[in-house]
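For the record, the sequence lines run as chains L and F.
Each residue of the first sequence is one higher than the one before, starting from 32 at the first, in our numbering.
Each residue of the second sequence is one higher than the one before, starting from 27 at the first, in our numbering.
Idealized CB from N, CA, C, for every residue including glycine.
Quick caveat: nothing in here was measured; it's all calculated off a predicted structure.
A quick write-up on the structure given underneath.
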Amino acid sequence: MAGLVMISLLIMLFILEWNYIAIRWDSSESYRELLGAGLFSADALFTTPGEPPGWERMANITTANISALGLVNGRNELVNAKLDALYSLNQTNESYDFVRTKLGIPGYNIHLMIKSLNGEALLYEFGRPSSLNNSVVVDRIVLLNATPARAKVEVWR
Amino acid sequence: MRSRKGFVITLDAIVALSFMLLSLYFIQAMSFNPTAMKGTQLKQFSLDALSVLEKSGSLGKAITGNTTAARDILLYSPEPYCMQLSIVAMNGSSVATIDKPGCMGAQTEVQISHGAFRFNGILYSTTLRSWFREEVNE
C-alpha cells in the first residue's frame with residue numbers, strides 16, 4: 032500500500048515537472064526570439080545607414096525602392112533627416128508595418144525612444160509602446176547632434 | 027516469497043522514477059540560460075560606448091585631464107552594466123583609467139573591447155572592460 036502511494040506520488044511529481052519544463056522551455060524560447068529581434072533591430076538602426084544609404088531623401092518611400100532602414104551615417108551618429116523620415120512613417124498602420132518589415136522584424140512591434148544621457152529629457156520617439164510587461168528593451172548609446180544620448184529600443188509581440 | 031518479490035518490484039519502480047525525476051530537474055536547470063544573449067547585448071553597448079566616447083571628443087578631454095564627459099557616459103550606462111575605461115599612449119604609458127562608480131568587487135565574464143584614436147598627432151589605444159554587476163549573474 033505504501034509502495035503504491037509512493038509510486039503515485041512520484042508519477043504525479045513527474046507529470047508536474049514535465050509540464051513545468053514544457054512551459055518554461057516555451058517561454059524561454061519566446062524570450063530568446065524577442066531579445067534577438069531587439070538586438071537585431073537596434074543594430075540595424077544605430078550601426079547602418081539603411082539601403083540605399085540616402086533612403087530618407089527619396090520622394091516616395093516604398094517597399095520597392097528601400098530594402099533596409101538605418102538612422103546613422105557613421106556608427107552611432109544619428110542623422111536628423113533620417114529621424115524625421117522615420118517619424119513620418121509613424122502616421123499610418125501601413126507605413127508602421129513597412130518600418131517593421133524593413134527592420135527585419137515583421138512579426139513584432141517596436142518602440143524607439145531617444146533620451147538625454149541622464150535619461151531626464153525625451154528627445155525623440157517612434158512607434159508603439161507596450162502597455163503590458165511583455166517586451167524586451169535594448170539599451171544603446173548614440174550621438175544626437177554630436178551630443179551623447181541614450182536610445183531604448185523596445186520590442187514586443 | 028511473493029510479497030518479497032512485490033516489494034522488490036515496487037522498490038525498483040520507485041528507484042527508476044526517482045532517477046527520471048532527478049534527470050528532469052537537471053534538464054530544467056539547464057534549459058533556461060539567457061546569459062549568452064545578455065552578453066551580446068553588453069558587447070553591443072560597449073562598442074557603442076567606445077565609439078561615442080571617441081566621436082564626442084570625451085577621450086580627447088580625458089587625455090587633457092578632464093574626465094567628466096567620459097565618466098558621465100560610463101555613469102549613465104544601464105544600471106546592471108559595469109565598465110572601466112583605460113587610455114594608453116602608444117609608448118605604453120597609462121594616460122587615464124576611469125571606472126563607473128559603484129562597480130567595485132568581483133569581475134566575472136568580462137567583455138573587453140579595444141579601440142584606437144589620434145589626438146594632437148599622437149596615437150592612443152583604448153580598452154573598455156565591461157561586465158555585469160554581481161547580483162545580475164546570481
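Inter-residue Cα distance where the pair is L/V36 and L/I54: As a first step, residue 36 of chain L is located in the first sequence; it is residue number 5 there, counting from the start. As a first step, residue 54 of chain L is located in the first sequence; it is residue number 23 there, counting from the start. CA-to-CA, the gap between L/V36 and L/I54 works out to about 27 Å.
Contact set between the segment 160 to 180 of chain L and chain F, restricted to residues whose Cβ is under 8 Å from the partner: So the close ones are V169, D170, R171, I172, V173, L174, A177, T178 and P179.
Three-way DSSP call (helix, strand, coil) for F/S139 in this model: Numbered from its first residue, the second sequence carries residue 139 of chain F at position 113. Note: F/S139 maps to strand in three-state DSSP.
Nearest neighbour of L/I97, chosen from L/V103, L/L134, L/N107 and L/D115 [CA to CA]: The residue labelled residue 97 of chain L in the question sits at position 66 within the first sequence. Checked all of L/V103, L/L134, L/N107 and L/D115; the closest Cα to L/I97 is L/L134.
Under 9 Å by beta carbon: chain F residues contacting L/L66: As a working note, residue 66 of chain L is residue 35 in the first sequence. Per Cβ cutoff of 9 Å: P60, M63, K64, T66 and Q67.
Local conformation of F/M130 per DSSP, three classes: Taking the second sequence and counting its residues from 1, one reaches residue 130 of chain F at position 104. F/M130 carries a coil assignment under DSSP once its states are collapsed to helix, strand and coil.
L/T78 - containing beta strand (DSSP E), residue span: The residue given as residue 78 of chain L occupies position 47 in the first sequence. Where L/T78 is concerned, there is no enclosing beta strand (DSSP E), although the alpha helix (DSSP H) it sits in stretches over A33 to T78.
From F/E135, F/G147, F/L101 and F/R159, residue whose alpha carbon lies closest to that of L/G150: On the first sequence, position 119 is the one that residue 150 of chain L refers to. In terms of CA proximity to L/G150, F/L101 leads the group F/E135, F/G147, F/L101 and F/R159.
Unbroken beta strand (DSSP E) run spanning F/I113, endpoints: Along the second sequence, one-based indexing puts residue 113 of chain F at 87. Secondary structure note for F/I113: its beta strand (DSSP E) is the uninterrupted segment Y107 to A115.
Cβ separation of L/L143 and L/V184, assumed to be a contact under 8 Å, to the nearest whole Å: For the purposes of this step, residue 143 of chain L is taken as the residue at position 112 of the first sequence. For the purposes of this step, residue 184 of chain L is taken as the residue at position 153 of the first sequence. With 8 Å as the limit, L/L143 and L/V184 qualify as a contact, their Cβ atoms being about 6 Å apart.
Chain-ordered neighbours of F/L50 on chain L, where CB pairs are closer than 8 Å: For the purposes of this step, residue 50 of chain F is taken as residue 24 along the second sequence, with counting starting at 1. By Cβ distance, chain L contributes F45, E48, W49 and I52.
Inter-residue Cα distance where the pair is L/E156 and F/L85: By one-based count along the first sequence, residue 156 of chain L stands at place 125. By one-based count along the second sequence, residue 85 of chain F stands at place 59. About 29 Å.
Partner residues on chain F for L/L70, Cβ-Cβ distance less than 9 Å: As a working mapping, residue 70 of chain L is identified with position 39 in the first sequence. Those are M63, T66, Q67 and Q70, listed as they occur along chain F.
Min CB distance F/D74 to chain L below 8 Å: Numbered from 1 along the second sequence, position 48 holds the residue referred to as residue 74 of chain F. True, the Cβ-Cβ gap to chain L drops below 8 Å.
Helix, strand or coil at F/E80 according to DSSP, with G and I counted as helix: In the second sequence, residue 80 of chain F corresponds to position 54, counting from 1. It is helical.
Min CB distance F/F158 to chain L below 8 Å: Counting from 1 along the second sequence, the entry for residue 158 of chain F is found at position 132. No, because no Cβ of chain L sits closer than 8 Å to the Cβ of F/F158.
Neighbour flag for F/L100 against chain L, beta carbons, 8 Å: Reading the second sequence from its first residue, position 74 is the one you call residue 100 of chain F. It does not; no Cβ of chain L falls within 8 Å.
Classification of F/Y107 by the beta-carbon crowding that lies within 10 angstroms, buried from 16 upward: Position 81 of the second sequence, counting from 1, holds the residue named residue 107 of chain F. Buried, since its Cβ has 16 or more Cβ neighbours within 10 Å.
Cβ contact (3+ pairs, closer than 8 Å) linking the segment 88 to 103 of chain L and the segment 114 to 126 of chain L: Cβ pair count under 8 Å is three or more, so yes.
Sequence-distant residues of its chain with Cβ nearer than 6 Å to L/V110 (five each side left out): In the first sequence, counting from the first residue as 1, residue 110 of chain L sits at position 79. Contacts found: N104.
Where F/T153 falls: helix, strand or coil (DSSP): On the second sequence, position 127 is the one that residue 153 of chain F refers to. Of the three classes helix, strand and coil, the one that applies to F/T153 here is strand, per DSSP.
Chain L residues whose Cβ lies nearer than 8 Å to that of F/V114: Position 88 of the second sequence, counted from the first residue, corresponds to residue 114 of chain F. Near F/V114 there are no residues of chain L at all, since even the closest Cβ is about 22 Å away, more than 8 Å.
Proximal residues of chain L, C-beta to C-beta of F/P104 below 8 Å: Taking the second sequence and counting its residues from 1, one reaches residue 104 of chain F at position 78. Correct list: D170.
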